[in-house]
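In what follows, a single structure is set out as structure tokens and then discussed.
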Amino acid sequence: KAGVTQTPRYLIKTRGQQVTLSCSPISGHRSVSWYQQTPGQGLQFLFEYFSETQRNKGNFPGRFSGRQFSNSRSEMNVSTLELGDSALYLCASRRQAGDEKLFFGSGTQLSVL
Amino acid sequence: GENVEQHPSTLSVQEGDSAVIKCTYSDSASNYFPWYKQELGKRPQLIIDIRSNVGEKKDQRIAVTLNKTAKHFSLHITETQPEDSAVYFCAAPMFSGGYNKLIFGAGTRLAVHP
Chain S
515 KAGVTQTPRY LIKTRGQQVT LSCSPISGHR SVSWYQQTPG QGLQFLFEYF
565 SETQRNKGNF PGRFSGRQFS NSRSEMNVST LELGDSALYL CASRRQAGDE
615 KLFFGSGTQL SVL
Chain D
1065 GENVEQHPST LSVQEGDSAV IKCTYSDSAS NYFPWYKQEL GKRPQLIIDI
1115 RSNVGEKKDQ RIAVTLNKTA KHFSLHITET QPEDSAVYFC AAPMFSGGYN
1165 KLIFGAGTRL AVHP
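Protein chains in written order, with the numbering used here: chain S, 515 to 627; chain D, 1065 to 1178.
Structure (structure tokens):
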């Protein structure tokens, strides 16, 4: 069974640009969560999608948005990039929203110059 | 508020010693407490978890204890080995609008020296 797949693995952007990250969950998993990881800040919750609807949201500005498709694949978009957006963005899936076990992808490393 | 506090942020031990990492959570409705291990350049992986109806769970050299009254839970690693070197994250669910989101601590960087 394939794990959580994130693309691309690395991204370099400049300030003001926008970026889209992609996540394919484990087959059969319908919930996808996104986290931002920066040194010293741990894993900060961005949002969670289940059945194409955002079910939970973290404390991030509106520049961070996402969506989920009918096949449970999810995308995350960051508009008007800032230097502070440089981070590892991790996607995680679970069978249902509210299920306990979360499985992570390898992440997309975003660098904003 | 939504908060999971984790201590210490760094921990250095000699091979064979024990390591203990502690977390506190704020949501009294939290009922599930997982620990994740993230090796350098790799994804976080679940290593052990505990539900609120038990006070302790063991899996070989690792164990987790839970004190619901104090809202504390801890990870214990005995007989540490160099391959235990990694960043460890605790987490707890926070409930909102009928759904829960898993909130993570800031992480503990464990270094095991041969």
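We put the beta carbon where it would ideally sit given N, CA and C, even for glycine. These numbers were taken from a predicted model, which means no experiment stands behind them.
query, result
"Closer than 8 Å to chain S by CB, asparagine 1107(D)", "Note on residue identity: the sequence assigns arginine, not asparagine, to residue 1107(D). Chain S contact via Cβ: present."
"C-beta neighbour in chain D for lysine 527(S), strict 8 Å", "no"
"Short-range partners of chain A found in the stretch 1154-1168 of chain D, where Cβ spacing is below 7 Å", "The structure shown contains no chain A; its protein chains are S and D."
"Rounded Cβ spacing between proline 1098(D) and alanine 1155(D) (contact assumed at less than 8 Å)", "5 Å"
"Residue-level contact to chain S via CB, alanine 1083(D), 8 Å cutoff", "no"
"Contacting residues, own chain, Cβ-Cβ under 7 Å from glycine 1161(D) (five flanking each side not counted)", "none"
"Per-residue burial, arginine 608(S) [other beta carbons within 10 Å of its own, 16 or more giving buried]", "buried"
"Stretch-stretch touch, CB-based, cutoff 8 Å, three pairs: the stretch 523-535 of chain S with the stretch 554-563 of chain S", "no"
"Test item: CB-CB of lysine 1165(D) and asparagine 573(S) under 8 Å", "no"
"Cβ-based contacts, 7 Å cut-off: residues of the stretch 1116-1136 of chain D near chain S", "none"
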